[in-house]
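This report concerns only the one structure given below.
There are 2 protein chains.
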Amino acid sequence: MGRPRTFDQPAALAAAMDQFWRRGYEATSVRDLAGAMSITGASLYNAFGDKRSLFRRCLHAYVDTYARKRIAELDASDDPIRGIRAFFDDLVEASLRDRRGCLLVNSAMEVAPWDAEFATLIEQCLLEIEDGFYRALKRLPKGSFQGSRDIRATARLMLSAVIALRVLARAGGDGDRLRSVAKSAIALAERSHTPWTTASPARRRRPRPSPPLDADAPWGSPPPAHSEAQPKI
Amino acid sequence: MGRPRTFDQPAALAAAMDQFWRRGYEATSVRDLAGAMSITGASLYNAFGDKRSLFRRCLHAYVDTYARKRIAELDASDDPIRGIRAFFDDLVEASLRDRRGCLLVNSAMEVAPWDAEFATLIEQCLLEIEDGFYRALKRLPKGSFQGSRDIRATARLMLSAVIALRVLARAGGDGDRLRSVAKSAIALAERSHTPWTTASPARRRRPRPSPPLDADAPWGSPPPAHSEAQPKI
DNA sequence: CGCGTTTTATAGCGGTCGATCTAAAACTAC
DNA sequence: GTAGTTTTAGATCGACCGCTATAAAACGCG
Chain U
0 MGRPRTFDQP AALAAAMDQF WRRGYEATSV RDLAGAMSIT GASLYNAFGD KRSLFRRCLH
60 AYVDTYARKR IAELDASDDP IRGIRAFFDD LVEASLRDRR GCLLVNSAME VAPWDAEFAT
120 LIEQCLLEIE DGFYRALKRL PKGSFQGSRD IRATARLMLS AVIALRVLAR AGGDGDRLRS
180 VAKSAIALAE RSHTPWTTAS PARRRRPRPS PPLDADAPWG SPPPAHSEAQ PKI
Chain P
0 MGRPRTFDQP AALAAAMDQF WRRGYEATSV RDLAGAMSIT GASLYNAFGD KRSLFRRCLH
60 AYVDTYARKR IAELDASDDP IRGIRAFFDD LVEASLRDRR GCLLVNSAME VAPWDAEFAT
120 LIEQCLLEIE DGFYRALKRL PKGSFQGSRD IRATARLMLS AVIALRVLAR AGGDGDRLRS
180 VAKSAIALAE RSHTPWTTAS PARRRRPRPS PPLDADAPWG SPPPAHSEAQ PKI
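Quick mapping for you: the protein sequence lines, in order, are chains U and P.
Read in order, the letters of the first sequence are residues 0 to 232 in numbering that gives the first Met the number 0.
Read in order, the letters of the second sequence are residues 0 to 232 in numbering that gives the first Met the number 0.
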């Protein structure tokens, strides 16, 4: 029934993603998109709906293609430390090769403050990355850590390193700085299982035998919601 | 000679800065600016030149008003640890109150990839913040540190925490996550002068007597330039 | 006062925005 | 082949973009 499409839809979606990735949402016009996708504006609207719907599909495709792949590799690594090191080394290498940064982080800045739907989508993916680091840190040798509350905080600083790496890469930061950030982020995990290290000023030569294990967050479960609802800018 | 201005120029500049801060460069129209500044478009062009020139003045005003103030407070603190703690505590508090993020970081994402002039301006200010952390870390108790190369790397992770805090705040991140990032960033400095801490897997109970002090970067001097020139997206 | 100068306000320039309409083209089902 | 359906291509819509031209209003100065 009806005339079949003559263009490659996945390829067109990838081209659209690249445009949004490089230029951002607002600065990318529908004509830019159609040109990059090698289709006409009418075909674009016919196949993907309006600009916002196309952007949503690009965001989902990005998360599935790029973000979750890195998390899965981190989970699959035998040694969490080596996994974390590979994660950041790859990230630095990719960020130096490709200055587009991360579509999620870019969108967190430009789109999230104005669009609740995309804000939650982005927030969820950032949480997945954070939880990936959390699980990796949790797999470190037993009885070697401060309280698990600090595992969460350390995972969040690692997520911060990822975000900042992407920001700095997009802004043209040199490889020296990016590598330094990655080095320090990796050192976070390496130091984490050094028994004597503690965040409190009081120094302990030995870790406490077994700090009470609290319920750790399972895959994807959000942290306890805080009533910090702020109006969006 | 001639009719004097009837509007408050600094106030108008502050209003323009707020618009760029909240909406970004592209999404802010000249009409938006004129409306927020309570002047007409003709007055805007007459007093500030075109949109890009106005943005440049806003960026410079932001750096002078906000960014350098925090660095100066960090330098002025007696105890560097307390200074770093105050820095991040204030930053978290301000970021939760005001979801605009940081104009510099916002611009690093949106403008820097397309405008070499603004890219260097932003890069210089980020370097000033990094150097501020570097000086604070350098003031920690003597003979307590790993190599000074790690001071630089630690300062860069602290800068990363600042950047990520601003990104997360703008994207609507909850106070719990922001506080965790700040906590871990502060712990970076607190751990830094814990003698037993080391980034290498080999553990040492005592620090080496006195690691060779290399020439530390003076105020504002850029790190060694690397030939990593990449074409801007 | 009137002259010169600068700032105001308004209208409008050519161009681009997201989105849609009309029709011709191209296919399947019968 | 023909009917029915969908995708093409191109033109076009009203709205908004950055910017400017024009002219009236408001001052310092002689």
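All C-beta atoms in this analysis are idealised placements derived from N, C-alpha and C, irrespective of residue type, glycine included.
For residue i, does the count of other Cβ atoms within 10 angstroms reach 16, so buried, or fall short, so exposed?
i: proline 112 (chain P); result: buried
i: serine 183 (chain U); result: buried
i: glycine 1 (chain U); result: exposed
i: arginine 22 (chain U); result: buried
i: aspartate 215 (chain P); result: Residue confidence is low: aspartate 215 (chain P) scores 35 on pLDDT, short of 50, so the model does not pin down where it sits. Its coordinate-derived value is still stated next. Exposed.
i: glycine 48 (chain P); result: exposed
i: alanine 160 (chain U); result: buried
i: alanine 118 (chain P); result: buried
i: alanine 115 (chain P); result: exposed
i: arginine 4 (chain U); result: exposed
i: threonine 64 (chain U); result: exposed
Do residue i and residue j have their C-beta atoms closer together than 7 Å?
i: proline 79 (chain U); j: alanine 135 (chain U); result: yes
i: isoleucine 162 (chain P); j: alanine 163 (chain U); result: yes
i: valine 91 (chain U); j: leucine 177 (chain U); result: yes
i: tyrosine 24 (chain U); j: glutamate 109 (chain U); result: yes
i: glycine 82 (chain U); j: arginine 165 (chain U); result: no
i: alanine 33 (chain U); j: threonine 39 (chain U); result: yes
i: alanine 181 (chain U); j: cysteine 124 (chain U); result: no
i: glycine 174 (chain P); j: leucine 120 (chain P); result: no
Quick one: what's got a C-beta closer than 8 Å to residue i's C-beta in the same chain, skipping five residues either side?
i: phenylalanine 86 (chain P); result: Arg69, Glu72, Leu73
i: proline 9 (chain U); result: none
i: arginine 30 (chain U); result: Gly40
i: alanine 13 (chain P); result: Ala60
Pop quiz: residue i and residue j are said to be a contact at Cβ under 8 Å. What is the actual Cβ separation, rounded to whole angstroms?
i: isoleucine 128 (chain U); j: leucine 158 (chain U); result: 5 Å
i: alanine 15 (chain P); j: leucine 53 (chain P); result: 6 Å
i: alanine 11 (chain P); j: methionine 36 (chain P); result: 4 Å
i: leucine 187 (chain P); j: leucine 156 (chain P); result: 6 Å
i: arginine 84 (chain U); j: alanine 168 (chain U); result: Incorrect: roughly 18 Å between the Cβ atoms, too far for contact.
Can you list, in chain order, the residues of its chain with a C-beta nearer than 6 Å to that of residue i? Leave out the 5 residues immediately preceding and following it.
i: serine 199 (chain U); result: Legend: pLDDT at serine 199 (chain U) = 38, less than 50; position of this residue unreliable, no value from coordinates given.
i: leucine 102 (chain U); result: Trp20, Tyr61
i: threonine 27 (chain P); result: Gln18, Phe19
i: threonine 193 (chain P); result: Bear in mind that a pLDDT of 49 at threonine 193 (chain P), under 50, signals an unreliable position, so the model cannot answer this.
i: phenylalanine 6 (chain U); result: Ile38
i: alanine 107 (chain P); result: Ile121
i: alanine 93 (chain U); result: none
Below 7 Å CB to CB, which residues in the same chain sit around residue i once its five sequence neighbours on both sides are set aside?
i: isoleucine 150 (chain P); result: Tyr133, Leu136, Lys137, Phe144
i: glycine 131 (chain U); result: Ile70, Leu73, Asp74
i: alanine 154 (chain U); result: Glu129, Phe132, Tyr133, Leu136
i: proline 50 (chain P); result: Reading the sequence as shown, one finds lysine at residue 50 (chain P) and not proline. Closer than 7 Å at Cβ, skipping near neighbours: Val29.
i: glycine 172 (chain P); result: none
i: aspartate 88 (chain P); result: Ala181
i: arginine 202 (chain P); result: For arginine 202 (chain P), the pLDDT reaches just 36, beneath the cut-off of 50, and the residue's location in the model is therefore unreliable, although a value from the coordinates is still provided. Excluding residues within five positions, none has a Cβ falling inside 7 Å.
i: arginine 56 (chain U); result: Leu12, Phe47
Can you tell me whether residue i sits near the ligand COA, meaning its C-beta is under 6 Å from at least one heavy atom of the ligand?
i: leucine 95 (chain P); result: Absence of the ligand COA is noted for the structure shown, with no ligands found whatsoever.
query = At a Cβ cut of 7 Å, what residues of the region 17-41 of chain U count as close to chain P, listed as they run along the chain?
reply = Cβ contacts with chain P: Arg21, Gly23, Glu25, Ala26.
key: Within 9 Å of chain P by C-beta, residues of the region 62-93 of chain U in sequence order   = Ile80
task = Identify each residue in the region 162-185 of chain P for which the Cβ-Cβ distance to at least one residue of chain U is less than 8 Å, and report them in chain order.
result = Result list: Ile162, Ala163, Leu164, Val166, Leu167, Arg169, Ala170, Gly171, Gly172, Asp173, Gly174, Asp175, Arg176, Ser179, Val180, Lys182, Ser183, Ala184.
request  = Report the residues of the region 151-162 of chain P with a CB closer than 9 Å to any CB of chain U, ordered along the chain.
outcome  = For the region 151-162 of chain P, which is checked against every Cβ of chain U, the residues closer than 9 Å are Arg151, Ala152, Thr153, Ala154, Arg155, Leu156, Met157, Leu158, Ser159, Ala160, Val161, Ile162.
ask   = Looking at chain P, which residues of the region 99-118 of chain U have a Cβ within less than 8 Å of any of its Cβ atoms?
value = Cβ contacts with chain P: Arg99, Gly100, Val104, Asn105, Ala107, Met108, Glu109, Ala111, Pro112, Ala118.
request  = Taking a Cβ distance cut-off of 9 Å, strictly less, list which residues of the region 45-56 of chain U are near chain P, in chain order.
outcome  = none
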